[in-house]
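**Student:**
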Amino acid sequence: MKKYIVLMLLLTLTAGMLFAGGAQEDGSKLVVGTSAGFRPFEYRDKGEVVGFDIDLMKAIGEEMGREVEVQDMDFDALIEAVRTGTIDVIAAGMTITDERKERVDFTEAYFVADQAVLVREGSDISLDEAADLNNSSYRIGVQNDTTGAFWVDENAADAEIKKYGKYIECIQDLENRNIDVIVLDKPVAEAFAQNRPAEMIMVIPTDESYGLAVKKGSALLDELNAALKKVMESETWDELMSTYFST
Ligand code: ARG
11 MKKYIVLMLL LTLTAGMLFA GGAQEDGSKL VVGTSAGFRP FEYRDKGEVV
61 GFDIDLMKAI GEEMGREVEV QDMDFDALIE AVRTGTIDVI AAGMTITDER
111 KERVDFTEAY FVADQAVLVR EGSDISLDEA ADLNNSSYRI GVQNDTTGAF
161 WVDENAADAE IKKYGKYIEC IQDLENRNID VIVLDKPVAE AFAQNRPAEM
211 IMVIPTDESY GLAVKKGSAL LDELNAALKK VMESETWDEL MSTYFST
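Numbered by my numbering, the letters in the sequence shown go through residues 11 to 257 in order.
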């Protein structure tokens with residue numbers, strides 16, 4: 011009998027710990043999932059994840075009276091993580107798409123971006139139009155499950171397409187000549203062109219809107235929208251824009 015009591019106690023304790031560790035919808039901590047390596051939205055600086063999305067979430071958290079904790083993961087793991095409650099909200103420069111809307115709820119848009127073509131500095135690749143990428147002699151890198159990957163699958167299927175979990179590996183492969191081209195969001199292509207031996211040679215006008223994403227039906231959505239609106243109307247927004255997009 012004693013054994014069972016001890017066992018029950020242990021089980022209760024473990025369950026309690028499990029719950030305390032995960033995301034909580036109404037606790038004080040707001041667990042934000044992101045995928046660093048997407049500068050200037052989220053990237054690592056001395057080991058710490060920083061960037062536009064992180065500061066935006068901190069400002070939103072302040073509005074909501076909730077502390078923000080950041081969890082960094084592969085981009086293609088984010089939607090499942092928010093669906094299962096490992097994280098409360100995705101802040102990862104995620105484009106609002108109809109397909110994703112079937113799996114998560116998005117806030118109002120907070121940023122608009124196109125795709126772009128990034129090559130090695132000094133590369134002799136020149137394109138008349140984006141469709142020229144549909145050529146078997148090009149090795150194109152993209153991040154798994156991104157709109158860049160979708161674009162390449164649809165428009166450059168003849169090329170050799172390599173998919174990465176993280177952009178950091180993708181840009182390294184570009185520098186190491188394992189791929190020739192990266193198709194990715196334009197603001198991030200511009201940041202790579204500034205910080206790495208890479209250049210942006212073309213914009214692909216896809217007109218995408220970024221939103222924050224939560225579990226379908228989550229009560230957090232309204233709260234996030236209200237806080238996002240407040241932040242976007244405040245000076246904090248202008249500061250964010252000039253900190254991360256001053257060119
Ligand atoms: N905007 C693109 C998408 O939603 C790329 C986002 C990649 N974000 C990241 N943090 N790596 O598919």
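The C-beta atom is built at its ideal place from N, Cα and C for all residues, glycine as well.
If you're wondering where the values come from, they're calculated on a predicted model, not measured in any experiment.
1. Give every residue of the same chain whose Cβ lies closer than 6 Å to the Cβ of G103, excluding the five residues on either side of it in the sequence, and list them in chain order.
2. Between E243 and the rest of its own chain, which residues show a CB-CB distance below 7 Å, the 5 nearest in sequence each way excluded?
3. Closer than 7 Å to a non-hydrogen atom of ligand 1 - does that hold for the CB of A104?
4. Thinking just about the alpha-carbon of each residue, which of A166, R113, Y120, G57 is nearest to the one in L137?
5. Looking only at DSSP bridge pairs, what is T130 linked to?
6. Keeping to the same chain, check which residues put their C-beta closer than 7 Å to that of I70; ignore five residues upstream and five downstream.
7. Confirm the yes/no value for this check: CB of F85, any heavy atom of ligand 1, distance under 7 Å.
8. Do the CB positions of I106 and A87 come within less than 8 Å of each other?
9. Is the distance from the Cβ of F202 to the Cβ of L128 below 8 Å?
10. For N145 versus A169, is the C-beta distance shorter than 8 Å?
11. Within the present structure, is the beta-carbon of E170 separated from the nearest heavy atom of ligand 1 by less than 7 Å?
12. For the beta strand (DSSP E) containing G43, list its first residue and its last residue.
13. Work out the CA separation of D195 and L40 for me, nearest whole Å.
14. When every heavy atom of ligand 1 is checked, does at least one fall within less than 7 Å of the C-beta of Y177?
15. Just the Cα atoms here: how many angstroms apart are E131 and Q81?
16. Would you mind listing the beta strand (DSSP E) stretches within the stretch 149-192 that are 3+ residues and don't spill past its ends, in chain order?
17. Could you give the distance in angstroms between the alpha-carbon of K68 and the alpha-carbon of E77?
18. Which first and last residues belong to the beta strand (DSSP E) in which G53 is found?
19. In chain order, which continuous runs of the alpha helix (DSSP H) of length 4 or greater are located wholly inside the stretch 48-100?
20. Going by CA-CA distance only, name the one from V60, V114, K226, E185 that's closest to E209.
21. From this set, V122, R93, I100, which residue's C-alpha is nearest M251's C-alpha?
22. Would you tell me roughly how many angstroms separate the C-alpha atoms of V214 and G158, rounded to the nearest one?
**Tutor:** Once the coordinates are examined:
1. Closer than 6 Å at Cβ, skipping near neighbours: F48, F51, Y220.
2. none
3. Reading the sequence as shown, one finds Met at residue 104 and not Ala. Checking every heavy atom of ligand 1 against the Cβ of M104, one is found closer than 7 Å.
4. A166
5. A quick correction: the sequence has Arg, not Thr, at residue 130. According to DSSP, which records beta bridges pairwise, R130 is partnered with A208.
6. L234, A237, L238, V241
7. Result yes, Cβ under 7 Å from ligand 1.
8. Against a cut-off of 8 Å, the Cβ pair of A87 and I106 comes out as no contact.
9. Between F202 and L128, the C-beta spacing is below 8 Å.
10. The answer is yes: Cβ separation under 8 Å.
11. no
12. 39-44
13. 27 Å
14. yes
15. 33 Å
16. Complete beta strand (DSSP E) runs here, min 3: 149-153, 170-174.
17. 8 Å
18. Per the sequence shown, residue 53 should be read as Tyr rather than Gly. Per DSSP, Y53 belongs to the beta strand (DSSP E) from 53-55.
19. 62-74, 88-94
20. Of the residues V60, V114, K226, E185, the one whose Cα lies closest to the Cα of E209 is E185.
21. V122
22. Note that residue 214 corresponds to Ile in the displayed sequence, not to Val. C-alpha separation (whole angstroms): 10 Å.
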